[in-house]
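S.K.:
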Amino acid sequence: QVQLVESGGGLVQPGGSLRLSCVASGIIFSSSNMAWYRQAPGKQRDLVAAITKGGITTYADSVKGRFTISRDNAKNTVDLQMNRLKPEDTAHYFCRAYTTYAPAYYWGQGSRVTVSS
Numbered sequence: 001q002v003q004l005v006e007s008g009g010g011l012v013q014p015g016g017s018l019r020l021s022c023v024a025s026g027i028i029f030s031s032s033n034m035a036w037y038r039q040a041p042g043k044q045r046d047l048v049a050a051i052t053k054g055g056i057t058t059y060a061d062s063v064k065g066r067f068t069i070s071r072d073n074a075k076n077t078v079d080l081q082m083n084r085l086k087p088e089d090t091a092h093y094f095c096r097a098y099t100t101y102a103p104a105y106y107w108g109q110g111s112r113v114t115v116s117s
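Read in order, the letters of the sequence shown are residues 1 to 117 in the working numbering.
Shown next, in the form of structure tokens:
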């Protein structure tokens, strides 16, 4: 059974930092591309950052220079370090895995991030 479990969300003031973590089980993590998406109330789910199995990263323009995605294949985790947070970063953040060895997408349940003073 595939499971993606996010943690690290919460309430933070503008300009602050949070680190999200996603731990995966039931997949061959080192052969999976990983990504973080977010969805604000009433809006579509959008890509925030992605990292391939080879470590190549991609970022949405809105988070470039502020967010960093990283992975640890030994721990089956993918993290999202979020710095200089803005109110518009407020959303549910979802971890997604794409298993390249048996093509399929898997999603976590999400972690809420609220940026507010």
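Just so it is clear, CB atoms sit at the ideal spot from N, CA and C, and this is done for glycine as well.
Please read these numbers as outputs of a predicted model, since none were measured by experiment.
(1) Per DSSP, what kind of secondary structure is S62 in: helix, strand or coil?
(2) To the nearest angstrom, how far is the alpha carbon of E6 from that of S21?
(3) Report the CB separation of S32 from A97 in whole angstroms; it is logged as a contact under 8 Å.
(4) Look at Y101 and I56 and say whether their C-beta atoms are less than 9 Å apart.
(5) Between the alpha carbons of I51 and A104, how many angstroms are there, rounded?
(6) Using CA atoms only, rank isn't needed, just tell me which of V78, V63, W107, F94 is closest to P87.
(7) Throw me the rounded Cβ distance for the N76 and V2 pair, which I believe falls under 8 Å.
(8) Per DSSP, what kind of secondary structure is S116 in: helix, strand or coil?
M.R.: Well, looking at it:
(1) helix
(2) 6 Å
(3) 5 Å
(4) no
(5) 16 Å
(6) V63
(7) Contact doesn't hold; Cβ gap of about 11 Å is too wide.
(8) coil
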